[in-house]
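Just add 4 to wherever you are in the sequence shown, counting from 1, and you've got the numbering used here.
The beta-carbon is built from N, C-alpha and C at its ideal position, and this holds for glycine as well.
Here is the structure we will look at.
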Amino acid sequence: MSETTNINLRLDKELKAQAEELFAKLGINMTTAFNMFLRQAVREQGIPFKLTAKNDVSEIPPAILAEMRSYPNYDAYVAAKLKEADEEALRDPTRYTLEDLHRLTEEIIDANR
5 MSETTNINLR LDKELKAQAE ELFAKLGINM TTAFNMFLRQ AVREQGIPFK
55 LTAKNDVSEI PPAILAEMRS YPNYDAYVAA KLKEADEEAL RDPTRYTLED
105 LHRLTEEIID ANR
């Protein structure tokens, strides 16, 4: 293992607590998360996410945007939409659930081995 060094950061106390809570849910600590960020930045030779002054929602239809804003965050919106799609697939035999797609993908992979 290469030699390590320490770094000191000044963070908003609440932001630090929120980040530690999130990382704990992901099974990592702050040091691991920071190392992941730095490694990705070095790999990409830049900040590993898009920097913008505002959220560009200009291409999202207003009705969908309004519905998205009714959820606490984007992940909750996506999870709800995936659940809705699965429920619809169960009612309509011409549609596939995510489990169906996974199973079919595995069948194709197995057939091509």
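Secondary structure of residue i, DSSP reduced to three states
i	result
tyrosine 100	coil
proline 66	helix
phenylalanine 53	coil
arginine 14	coil
tyrosine 75	coil
glutamate 110	helix
asparagine 39	helix
glutamate 7	coil
Sequence-distant residues of the same chain with beta carbon closer than 6 Å to residue i, five excluded per side
i	result
glutamine 44	Pro52
methionine 72	Tyr81
alanine 37	Phe27
Own chain residues within Cβ distance below 8 Å of residue i, not counting five before or after
i	result
serine 62	none
leucine 108	Tyr100
Assumed close pair residue i, residue j - CB separation to whole angstroms, cut-off 8 Å
i	j	result
glutamate 24	methionine 40	The Cβ separation is near 15 Å, so there is no contact.
leucine 86	leucine 69	With a Cβ gap of about 19 Å, leucine 86 and leucine 69 do not count as contacting.
alanine 84	tyrosine 75	7 Å
CB contact flag (residue i, residue j, <7 Å)
i	j	result
tyrosine 100	alanine 89	no
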